[in-house]
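Following my numbering, the numbering of the sequence shown begins with 561 at its first residue and continues without gaps. What follows is a set of notes on a single structure, which appears directly below.
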Amino acid sequence: DLSHSVFTQSTGIWSSGDLGADEDGNGMVGDTNGWNFIANNGTMIDDDNSGTHMAGIVINQSVDITLGTVPTSEIKVMPVKVADGSGDSDATRVASGILY
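Right under this line is the structure:
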């Protein structure tokens, strides 16, 4: 969930710099913050919040969450979705996500 406060307040989400076109030339239009290999688009939807939870844990390793606000993170998370809401995937999607 890219709108979660741990991401919006920490600047911990990776950005390709793409603004809706394919500025980075990788053939993936709209991959501003990652790629969804299930839907083949740049829309990240966390079907069961496990990805949001895990990414939040990773980002918060570099910030003191007891401060009440989330300072800028030293860690950047690149959202890549390779499994559907049931956890189903295949080797091609997983390999594509790793290569991305």
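All C-beta atoms in this analysis are idealised placements derived from N, C-alpha and C, irrespective of residue type, glycine included.
Item, Value
"Nearest residue (CA-CA) to V654, options G645, S646, K641", "K641"
"Pick from S576, V618, L562, L659 that is closest to M604, judged by C-alpha positions", "L562"
"Limits of the unbroken alpha helix (DSSP H) element including S565", "565 to 568"
"Candidates P639, F597, I617: closest to T652 by CA position", "F597"
"Same chain, Cβ closer than 6 Å to S649, neighbours up to 5 away in sequence not counted", "V642, A643"
"Per-residue burial, G577 [other beta carbons within 10 Å of its own, 16 or more giving buried]", "exposed"
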